[in-house]
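Chemist:
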Amino acid sequence: MCADEKHQRLPRITKNLAESLIDVERYHVDRDLLAVICLVKLKSGHLIIEDAIVANRNLFDEERGKREARKKVIKAIMNSEMYYLRKRLYEETSEGK
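The number in this note's numbering is simply the position in the sequence shown, starting from 1, with 5 added.
#1: Can you confirm whether the stretch 14-27 touches the stretch 55-62 when touching is taken to mean that 3 or more C-beta pairs between the two stretches lie within less than 8 Å?
#2: Given Leu44, which residues of its chain have a CB within under 6 Å of its CB, disregarding the five upstream and five downstream residues?
#3: Looking at Leu90: is its Cβ nearer than 8 Å to the Cβ of Ile18?
#4: How many angstroms separate the CA atom of Thr98 from the CA atom of Asn84?
#5: Quick one: Cα of Val34 to Cα of Tyr95, how far?
#6: So, Leu39 versus Arg62, is the Cβ gap smaller than 8 Å?
#7: Return the residue from the list Glu67, Met87, Lys76, Tyr88 that minimises the CA-CA distance to Asp37.
#8: Is it buried or exposed, Gly50, if we count other Cβ atoms within 10 angstroms and call 16 or more buried?
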């Protein structure tokens, strides 16, 4: 099997994959601090916490804050999964040498 065929079998790191790894998702909204916190526990037990903060009290929107904080969580999950995938690829290619 050539290297290209081997890499085609690897999972793709997508938003859907990241969302599928979430076990528990909670939000904390603090109107005094103008912050929305998104807390996520992954099925692996790993915890990720991200925030969305607004500087102008007149622009504070709780729902938008939740969306923005969740986007950051999904990005963090995807970055983490990409790291583990690259690590696995490196280890597989290192063993073959």
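Beta carbons: idealized from backbone N, C-alpha and C, even for Gly. All of these numbers come straight from a predicted model, not from anything done at the bench.
Modeler: Reading off the structure:
#1: no
#2: Arg31, Ile54
#3: yes
#4: 21 Å
#5: 41 Å
#6: yes
#7: Glu67
#8: exposed
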